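Asks:
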Amino acid sequence: MAHFTGDWTPLGEVFFRKLELYSMGWSVDLKYFTVAAASYGGPIALMPNNTSSVMTKPIINLYSSSGKELATFRWDGGPIVQLDWSAKEELLCISMDGSVSVYDIHGVYQRTFSMGQDAKESKVIDSKTFRSSGGTGIAILTGNYHFFAINNVDDVRSRKFVDPPNLSAPPTSWIIIPEDRGSQALVAIDSQLYLIDTGQCVQLYPSFKEVVTSIVEMALSSSGTLLTMFTDTGLVWIGTRDVQKVYCEVNTQCLSRPKQLAWCSNAAVVCYWDDYLDVIGPTTDVTKYVMDSDVCLVQEIDGVRVIGNETHELLQKVPPSVENVFKIGSVNPGAMLYDAAKEFEKKSARADEYVRLIKDELTKAVEQCIQAAGAEFEPSVQRGLLRAASLGKSFLTDFSPKPFVTMCQSLRVLNAVREYTIGIPLTFAQLQQMSIPVLIDRLVLRRHYCLAIRICDYLKIPKAEGASRILGHWACYKVQQTNVDDEEIACAINAKLGESTGISYTEIASKALECGRTFLAIRLLDYEPKAADQVPLLMRMKKDDLALEKAILSGDTDLIYTVVMHLKDTLPLGEFLRAIRHLPDAQSLFTKYCKEHDRRSLVDLYYQEDNFLNSGNVYLRDSFNETTLESRKKTLETAQLSYTQGNCTFYSKCTDEFIKLLDYQNRLENEQRKPFVDLSLSDTISQCIRLRNFKAADQLKKEFKVPDKRFHWLKVRALAESMDWIELDKFAKSKRSPIGYEPFVDACLEANNRLEAEKYLPRVQPENKVLYHVKLGKLEEAAGIAANQNNEELLEFVLKKCENNPPLYNKVQNMILQKS
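Adding 47 to a residue's 1-based position in the sequence shown gives its number in this note's numbering.
1. Short of 6 Å in beta carbon distance, which residues of its chain neighbour S220, apart from the five on each side in sequence? Order them along the chain.
2. Thinking C-alpha only, which one of Q527, T702, E716 is nearest G563?
3. Compute the beta-carbon to beta-carbon distance between L188 and P217, rounded to the nearest angstrom, for a pair I have assumed lies under 8 Å.
4. So what's M770 in DSSP terms, helix, strand or just coil?
5. My output table needs one value for I469: the three-state DSSP class, helix, strand or coil.
6. Hey, would you say V792 sits closer than 8 Å to A779, going by beta carbons?
7. With a threshold of 8 Å on Cβ separation, who are the neighbours of W310 within its own chain once the five nearest residues in sequence on each side are excluded?
8. Roughly how many whole angstroms lie between the Cα atoms of A767 and G693?
9. Quickly, what does DSSP pair P790 with across the bridge? List them, please.
10. In terms of residue numbering, what span does the beta strand (DSSP E) encompassing G350 cover?
11. Once the 5 residues before and after K175 are set aside, which same chain residues still bring their CB inside 6 Å of it?
12. Give me the residue from T183, H193, S179 with the minimum Cα distance to E168.
13. Quick check: what's the CA-CA separation for G163 versus S179?
14. DSSP three-state call for Y252: helix, strand or coil?
15. Touching or not, the region 380 to 395 and the region 429 to 440, by the rule of three or more beta carbon pairs under 8 Å?
16. Could you pull out every unbroken beta strand (DSSP E) segment of at least 3 residues lying fully inside the region 284 to 361, listed in chain order?
17. Nearest by alpha-carbon distance to Y150: which of E257, S142, E137, V413 is it?
18. Closest Cβ-Cβ distance between T731 and chain B: below 8 Å?
19. In the DSSP assignment, find the unbroken beta strand (DSSP E) run with K65 in it and report its ends.
20. Given that a residue counts as buried once 16 or more other Cβ atoms are within 10 Å of its Cβ, and exposed if not, what is E750?
21. Which residues in the same chain have their Cβ closer than 7 Å to the Cβ of M770, if we skip the five residues on either side of it in sequence?
22. Cutting at 8 Å between CB atoms, please list the residues of its own chain near L683, excluding the five before and the five after it.
23. For the alpha helix (DSSP H) containing M481, list its first residue and its last residue.
24. So, for P380: in the same chain, excluding its five sequence neighbours on each side, which residues have a beta-carbon less than 6 Å away from its beta-carbon?
25. Counting only the same chain and skipping the five closest in sequence on each side, list residues whose C-beta sits under 7 Å from that of K677.
26. Just the Cα atoms here: how many angstroms apart are V293 and L58?
27. So, under 8 Å CB-CB, L77 and C343 are touching, yes? Tell me the CB distance rounded to an integer number of Å.
28. By how many angstroms is the C-alpha of K777 removed from the C-alpha of Q719?
29. Compute the beta-carbon to beta-carbon distance between L660 and Y698, rounded to the nearest angstrom, for a pair I have assumed lies under 8 Å.
30. Output needed for W760: all residues of its chain with C-beta closer than 7 Å, excluding positions within five of it in sequence on either side, in chain order.
31. Give me the Cβ distance between I354 and I106, rounded to the nearest whole Å; I'm assuming they're in contact under 8 Å.
32. Considering only their Cβ atoms, is the gap separating A476 from D349 smaller than 8 Å?
33. Specify the secondary structure class of G184 as computed by DSSP and reduced to three states.
34. Which same chain residues, not among the five before or five after V833, have their C-beta less than 7 Å away from its C-beta?
35. By a C-beta neighbour count over all protein chains shown, 10 Å radius and 16 as the cutoff for buried, is T553 buried or exposed?
36. Give the single residue among C523, D144, L544 whose Cα lies nearest to the Cα of A514.
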């Protein structure tokens, strides 16, 4: 197996290997550039490091990990302190003035934010980016030696750290330690080490085996648990981040500060000088790699990527599964199974012998081969290991096929994205940490839509989360192609997307609008099935007529209201009212709104429509809300004028009489010191009678032409309610009652005065005498009257009322028998 172990380098008891990922497609010399490379196989940014006046506006080039150019843009801001990438693969350009400009992977400007006023005034002299639980954070050191940090570039909130003591010059070294909530800074001032955050400063006391005058470089492992420090004496210190435990100290015999210090997983520390790398293990072992050009180290969770002029390599500890299978002389089950598979391909009987040797550890052998396949980059080696796993699996009856199938799927995806044209050299461990959805997002970000869709289909990801969502991103990119006709783009997008679920045409139309393609945005909205999504964007485009039309067609009342109120706020009143005049649904909803919330606009609406009747009705209603009599009368006069303009004679006359009645009521209130205003005409007359102001009652009757019958009813009831029996008797005798005398009886009975009621019983109409005798409890007289009138029906009526009086019941019953 020497073929597989030829690039292995021992480091104590473990092995490291350096795998070539790509031959770089660029033609650059990195020593002339500032390099920023994103983790997880992300993009690379190059900026000329010549700071002469000629290069005040440098060109920044963006490349994939394979050296394929992605974008180029000219930087026109101030001097850049640091270039780095966020977790979302956005390029962060941190300027000396404290501003941070954000660009996407295609060099398109996104936004700018500031690190604070202190940074702006005293300038930024150093900065660090870091991964936090909330995303990507940035920490800066200002010119007056204060530390500030934000924990998430998507939620910019700058926090000031406590100043370490005696900091009158830039620290010799500092790093950021991310925490679940917030972050801390580890600051080295010569040989003193301080841990600071927003609330405190704590001095740490690392122990060194030799005298150290300055800590010049530090690095934190990807797991955040281990720390390494490089001192001015060339000493490399490796231990826990709280410096309480030391794993090893190695003197590199190199006094110059390393260009980079990085962790290779948690297994070793890599020190990079001009032309070589020192890999220092957790013990005192050291191995050296000679570099033939300047390189850039990118710390990953399972290794270090080494980016050079010609090649892109991965330096990592040989994974245990790979070592188990391919280590020379290995007798691990995985190695035996791999040998068995090779013999099986040769159709050799030795395959059976190898399998028999590991029959009790066959499950372990299969697992080792599967894991080793995931750790390899060469497809032919992956296939060999998976064939070995498949062979061993065929002898097992209870082995779950899921790990094997999952590994096959993952490797197929990994091999696809590792292709030079894609340029994302992920390892299996990185893919597990990143997750498939994030990988899909990164492919979409790079505009590899076809590959992203194929991966989604291959992994059977639901369309709403996979293919449909990707097509939506593709469509947003499509609308940015300015060299293609709007109609052609709209048709192409609809043909590709169709009725796919999970796709919002509104988002695509919004993108088209951002690009200034209004017609294309409108065409795309025609494909959007949800009016609630269409309408707001149409309003943004100032296509209010179309928005109102779509809202009305949807039948959504709230949506119609939204458009109508938007039109009301943006158009002159007359123009607005004309706009909704020919749209009954919109007009009726606006009318309803005005009735409840905006009476003034309601009047304007009716006036615009020459609807004088309803306009007068509005003023009439509003008059009841007036606080003074004069303002109320004025409003009523306005209502009367509207009725007159609309030839509504009846309404005009009624309003005129209402105004007169208010005057009467006001005068009566002043005279009687009793409430009159807001009473009806009938109640006003009744109130006058109860107060024995008969003259006023008669005057109201005459002034408002109250009919005699109505007046008699009102006076009878009012006198009875006030128990003015003498006046009631006078009124009954004054002239013949036009309503008869039955109301007199009823009024007395309602006042519980039977004696007074009996006075009017003789004057009751003959046809009502039986009924009123019964009301007064005179059942025997009622029976006699009914008998005299020969009315059997009335006798039956009286009989029912006599059920509790047996003698009278029998008497009435005999009367009925005699009549029959």
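No residue lacks a Cβ here, since even glycine has one placed at the ideal position from N, Cα and C. This structure is a prediction, so every number in the text was calculated from the model and none was measured.
Replies: On the basis of the data shown:
1. The sequence position of residue 220 within the sequence shown is 173, counting from 1. Cβ neighbours of S220 beyond the five flanking positions: A235, I262, V263, E264, M265.
2. Residue 563 sits at position 516 when you count from the first residue of the sequence shown. Of Q527, T702, E716, the residue nearest in Cα terms is Q527.
3. Within the sequence shown, residue 188 is the residue found at index 141, counting from 1. Within the sequence shown, residue 217 is the residue found at index 170, counting from 1. The C-beta separation of L188 from P217 comes to about 7 Å, placing the pair in contact by the 8 Å criterion.
4. As a working mapping, residue 770 is identified with position 723 in the sequence shown. The answer is coil: DSSP assigns M770 none of H, G, I, E or B.
5. Residue numbering aside, residue 469 sits at position 422 when the sequence shown is read from its first letter. Three-state DSSP puts I469 in coil, outside helix and strand.
6. Locating residue 792 in the sequence shown gives position 745, where the first residue counts as 1. Locating residue 779 in the sequence shown gives position 732, where the first residue counts as 1. No, Cβ-Cβ distance for V792 and A779 is not below 8 Å.
7. For this step, residue 310 is matched to residue 263 along the sequence shown. So the list reads A266, L267, S268, S269, L273, T275, V316, V317, Q346, V351, once near-sequence residues are dropped.
8. As a first step, residue 767 is located in the sequence shown; it is residue number 720 there, counting from the start. As a first step, residue 693 is located in the sequence shown; it is residue number 646 there, counting from the start. Roughly 44 Å separates the two Cα atoms.
9. Indexing the sequence shown from 1 puts residue 790 at position 743. P790 is not bridged to any residue.
10. The count along the sequence shown starts at 1 and reaches residue 350 at position 303. Its beta strand (DSSP E) spans residues 350 to 354.
11. Counted from its first residue, the sequence shown places residue 175 at position 128. Around K175: A186, I223.
12. Against the sequence shown, residue 168 aligns to sequence position 121. Looking at the Cα atoms, H193 is the closest of the given residues.
13. In the sequence shown, the residue the question calls residue 163 occupies position 116. In the sequence shown, the residue the question calls residue 179 occupies position 132. If you take the alpha carbons of G163 and S179, they lie about 20 Å apart.
14. Start at 1 with the first residue of the sequence shown, and residue 252 comes out as number 205. Coil, per DSSP.
15. Yes, since at least three Cβ pairs between the region 380 to 395 and the region 429 to 440 fall closer than 8 Å, the two stretches touch.
16. 293 to 298, 307 to 311, 315 to 319, 323 to 327, 333 to 337, 343 to 347, 350 to 354
17. What you label residue 150 is simply residue 103 of the sequence shown in a count that begins at 1. Closest option to Y150, Cα to Cα, is E137.
18. Of the protein chains in this structure there is only one, and it is not chain B.
19. Position 18 of the sequence shown, counted from the start, is the residue given in the question as residue 65. Where K65 is concerned, the enclosing beta strand (DSSP E) stretches over 61 to 70.
20. Numbered from 1 along the sequence shown, position 703 holds the residue referred to as residue 750. Taking all protein chains in view, the Cβ of E750 is surrounded by fewer than 16 other Cβ atoms within 10 Å, so the residue is classified as exposed.
21. Here residue 770 corresponds to residue number 723 of the sequence shown, with the count starting at 1. Excluding residues within five positions, the ones whose Cβ falls inside 7 Å are A798.
22. As a first step, residue 683 is located in the sequence shown; it is residue number 636 there, counting from the start. Excluding positions up to five away in sequence, the list reads Y666, L667, S670, T702, F705, I706, L709.
23. Counting from one through the sequence shown, the residue named residue 481 turns up at place 434. That run of the alpha helix (DSSP H) goes 475 to 481.
24. To locate residue 380, count along the sequence shown from 1; it is residue 333. Here the set comprises I405, E408, K411, A412.
25. Here residue 677 refers to the residue found at position 630 of the sequence shown. Rather than Lys, the amino acid found at residue 677 in this sequence is Glu. Taken in chain order, the list of residues that qualify is empty.
26. Counted from its first residue, the sequence shown places residue 293 at position 246. Counted from its first residue, the sequence shown places residue 58 at position 11. The straight-line gap from Cα to Cα measures roughly 19 Å.
27. Along the sequence shown, one-based indexing puts residue 77 at 30. Along the sequence shown, one-based indexing puts residue 343 at 296. Right, the Cβ-Cβ distance comes to about 6 Å (below 8 Å), so this counts as a contact.
28. Looking up residue 719 in the sequence shown gives position 672. Looking up residue 777 in the sequence shown gives position 730. The alpha-carbon separation between Q719 and K777 amounts to approximately 24 Å.
29. To locate residue 660, count along the sequence shown from 1; it is residue 613. To locate residue 698, count along the sequence shown from 1; it is residue 651. A Cβ-Cβ distance of about 7 Å is found for the pair L660 and Y698, placing them in contact under the 8 Å criterion.
30. On the sequence shown, residue 760 is found 713 positions in, with the first residue counted as 1. I786, P790, listed in sequence order.
31. In the sequence shown, residue 354 corresponds to position 307, counting from 1. In the sequence shown, residue 106 corresponds to position 59, counting from 1. No, I354 and I106 are not in contact; Cβ-Cβ is about 19 Å, not under 8 Å.
32. What you label residue 349 is simply residue 302 of the sequence shown in a count that begins at 1. What you label residue 476 is simply residue 429 of the sequence shown in a count that begins at 1. Contact flag set, yes.
33. The residue you call residue 184 lines up with position 137 of the sequence shown. G184 falls in the strand class under three-state DSSP.
34. If you number the sequence shown from 1, residue 833 lands on position 786. With the sequence shown as reference, residue 833 is identified as Ala, and Val is not the correct amino acid for it. So the qualifying residues of the chain are V817, L841, L842, V845.
35. To locate residue 553, count along the sequence shown from 1; it is residue 506. Per the 10 Å Cβ criterion, buried.
36. Here residue 514 refers to the residue found at position 467 of the sequence shown. The alpha carbon of A514 has as its nearest neighbour, out of C523, D144, L544, the alpha carbon of L544.
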